[in-house]
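So the protein sequences, as listed, match chains A and B.
Numbering-wise, our numbering puts 52 at position 52 of the first sequence, and it's gapless, one number per residue.
Every position in the second sequence, counted from 1, becomes a number in our numbering once 113 is added.
All C-beta atoms in this analysis are idealised placements derived from N, C-alpha and C, irrespective of residue type, glycine included.
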Amino acid sequence: GESVGLHLPTLSVQEGDNSIINCAYSNSASDYFIWYKQESGKGPQFIIDIRSNMDKRQGQRVTVLLNKTVKHLSLQIAATQPGDSAVYFCAESPNSGYSTLTFGKGTMLLVSP
Amino acid sequence: ETGVTQTPRHLVMGMTNKKSLKCEQHLGHNAMYWYKQSAKKPLELMFVYSLEERVENNSVPSRFSPECPNSSHLFLHLHTLQPEDSALYLCASSQVLVSGGTYEQYFGPGTRLTVT
């Protein structure tokens, strides 16, 4: 999984480019995965989720890919816009009645015009 | 109001003070959560209430005391905090099915707490 460190990984892209944000998870029992976006001064906002019986799920301009073999999750954002600039978190959870999400450290996405 | 609301948005308190954070969800959910978000650390789950019962308490110091009077309201009572408790405290809610199943959590905007 993502280790706790001093520096937030940063991805800088140009407006209109496609962005790929990666996340490694450590718990092979995790059944549910979710991506959140957090803008400055706001709480995390749900983007997209995926369950372990799928390897790909698409939303509006976003796609989540799950590779359970290597315990890897990615978020693809098509035609990235300046409004997409934020910190993106992945989270994992075993399938339980209430979701005990374990969050990664996050990746900062910077989109320049 | 819609979604998950939190008050106050900012709070400065001394180490000897007692204060409470409030969270309210307007989504009809039956589970609520408290998280702590510190700089340079992942979100840390503190407490979970599911169907108004506390089901998780992640080794949180006793100076943090949660209260869930009903499925729409959640409080975090604070007393004799330490400067290292300064952080963004986030509340979230989700829907839990009795038959099981995990669904996304919806977060409030957080309370920025500074302990002096």
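- Distances from the alpha-carbon of residue 130 of chain B to those of B/195, B/120 and B/122 put B/195 closest.
- Residue 67 of chain A is bridged by DSSP to A/72.
- Inter-segment contact for the stretch 64 to 75 of chain A and the stretch 11 to 31 of chain A is present: three or more beta-carbon pairs are separated by less than 8 angstroms.
- It is roughly 27 angstroms from the alpha-carbon of residue 52 of chain A to the alpha-carbon of residue 150 of chain B.
- For residue 165 of chain B, the secondary structure class from DSSP, reduced to helix, strand or coil, is coil.
- Our two residues, residue 202 of chain B and residue 19 of chain A, have alpha carbons roughly 29 angstroms apart in a direct line.
- With respect to chain B, the C-beta atom of residue 104 of chain A has a partner C-beta closer than 8 angstroms.
- For the stretch 43 to 65 of chain A, residues whose beta-carbon sits nearer than 8 angstroms to a beta-carbon of chain B comprise 43, 44, 45, 46 and 49.
- Our two residues, residue 69 of chain A and residue 127 of chain B, have alpha carbons roughly 49 angstroms apart in a direct line.
- By a beta-carbon distance limit of 8 angstroms, residue 206 of chain B contacts residue 145 of chain B. Their separation comes to about 5 angstroms.
- In the three-state DSSP reduction, residue 198 of chain B falls in the helix class (H, G or I).
- Interface with chain B (8 angstroms Cβ-Cβ cutoff): residue 75 of chain A is excluded.
- Excluding the 5 residues flanking it on each side, residue 111 of chain A has same chain C-beta neighbours closer than 7 angstroms at 13, 15, 80, 81, 82, 84 and 85, in chain order.
- For residue 179 of chain B, the three-state secondary structure derived from DSSP is strand.
- Setting aside the 5 residues that flank it on each side, residue 211 of chain B has no residue in the same chain whose C-beta is closer than 6 angstroms to its C-beta.
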